[in-house]
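What follows is a single structure, written as structure tokens, with notes after it.
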Amino acid sequence: MTFNLESLEIEPDAARQYIDARATFVEQERTRKNALQVRGGMVWKTVDEKDYLIRTSVTGGQKSLGRRSAETQDMYDGFIGKKHSVEERLSSLKASVDKHERMNRALRVGRMPTIAVAILSRLANAGLDEYFRVVGTHALYAYEAAAGVRFASEITSTRDIDLLWDTRKRVTFAQKLLQDSPSMLAALQKVDKTFQVNEEQKYTAVNKDGFEVDIIRRIAKGGDPHPIRLSNAEDDFWVVQAKRADELVNAPEFSEIVVAENGKMARLTTIHPAVFVSFKRWMSKEADRDPLKRRRDALQADAVEWALHERLPHLLADR
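Heads up: take any position in the sequence shown, counting from 1, add 115, and you land on the numbering used here.
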């Protein structure tokens with residue numbers, strides 16, 4: 116496939132805006148991770164006329180850290196000081212990110228579907244992002260962002276997002292999910308309440324606009340249960356097995372900040388672009404696959420391979 120580099124290049128103003136916006140978003144991510152260390156609170160509680168330092172959790176749990184002393188006072192002062200500092204910094208960064216997202220929209224920095232970026236943000240905010248990888252067409256938005264180009268719309272246009280779920284982490288996933296929502300569908304409905312699982316294709320949820328979320332998994336092996344539903348809720352996803360998905364689960368990770376059409380940002384975690392190329396080449400030769408999809412698979416492989424060699428050669432050393 117031949118590419119016209121000039122037509123693919125992002126406009127200079129948009130490129131500069133993306134660089135600045137990305138840096139601010141990444142710093143917000145880093146600060147949010149630091150904030151996890153000071154979730155909940157610390158309070159003094161008097162019992163039998165003696166003061167005890169109590170560590171409280173966001174779920175209402177309490178743990179005594181000992182009687183008031185120079186040591187526990189230092190613990191309290193340090194915790195409160197750090198919590199105040201982190202919260203102040205997060206507030207400032209949120210304002211900066213909001214400003215950058217408005218600039219992203221004004222300069223048309225992003226073009227990933229708004230609903231897809233909203234879903235990624237929702238997963239991140241719920242702490243569920245570590246259990247999924249975006250595979251399929253939407254991964255192209257991460258590769259093009261890293262390469263500073265825009266792939267042809269004929270290969271990026273899609274009305275569904277494929278989420279690869281890691282069955283090896285199913286126990287911790289279930290625990291984390293319940294902290295946020297009673298089901299995966301319920302978590303998704305916090306983005307768009309019209310999402311419903313397709314009765315005839317229970318690994319797919321679709322909203323009123325026809326946008327689909329597919330959740331796939333590797334072929335069952337070892338101790339993997341099958342079939343498996345993501346929660347005990349009767350209306351939740353049943354995850355579908357996908358051929359050669361084990362290769363995607365074990366592939367090196369690649370992530371990049373992506374921008375929606377409305378300027379909003381999120382982190383998209385997918386597979387190394389070289390693995391994407393190899394996998395799409397295989398799909399393009401599958402005899403039982405729709406011929407139109409096979410053609411697009413080949414074009415997507417060509418596009419990512421070009422970006423990998425011409426714009427991201429440093430990533431070749433990772434393979």
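Cβ coordinates follow ideal geometry from the N, Cα and C atoms, glycine included.
On a predicted model such as this, the values are computed, not experimentally measured, just so you know.
Using beta-carbon positions only, say whether residue i and residue j come within less than 8 Å of one another.
i	j	result
L423	A389	yes
L427	A261	yes
D281	Y246	yes
Q132	K209	no
T319	D307	no
L383	Y256	yes
G156	T171	yes
V355	I334	no
R237	A185	no
T146	V212	no
A348	P297	yes
S399	A381	no
R350	V312	A small correction: the amino acid at residue 350 is Asp; Arg does not occupy that position in the sequence shown. Yes, they are a contact pair.
E425	V392	no
T271	T252	yes
Note the first and the last residue of the continuous beta strand (DSSP E) segment covering residue i.
i	result
T171	K165 to T171
Q177	Q177 to R182
I330	E327 to R332
W353	That residue, W353, is in no beta strand (DSSP E); it is neither H nor E in DSSP.
R248	F247 to V250
Is residue i near the ligand COA, with its Cβ less than 7 Å from a heavy atom?
i	result
A267	With respect to small molecules bound, the structure shown includes none, and the ligand COA cannot be examined in it.
Since residue i and residue j should fall inside the 8 Å C-beta cutoff, what is the C-beta to C-beta distance between them, to a whole number of angstroms?
i	j	result
V373	M218	About 16 Å separates the two Cβ atoms, so there is no contact after all.
A416	R396	5 Å
I125	G263	6 Å
K291	L243	6 Å
A375	G225	5 Å
How is residue i classed by DSSP in three states: helix, strand or coil?
i	result
F140	helix
V419	helix
R154	coil
R344	strand
K336	coil
E124	strand
Kindly indicate the opening and closing residues of the alpha helix (DSSP H) around residue i.
i	result
T229	T229 to N240
Step through the CB atoms of chain D and report whether any lies within less than 8 Å of the CB of residue i.
i	result
L383	Looking for chain D here will not work: only one protein chain is present.
Curious, which full-length beta strand (DSSP E) runs of at least 3 residues does the stretch 260 to 323 contain? 275 to 280, 311 to 313 and 316 to 321
Would you mind listing the alpha helix (DSSP H) stretches within the stretch 174 to 227 that are 4+ residues and don't spill past its ends, in chain order? 185 to 221
Ignoring anything shorter than 3 residues, give me the beta strand (DSSP E) runs that lie fully in the stretch 357 to 406, in order along the chain. 368 to 374 and 380 to 386
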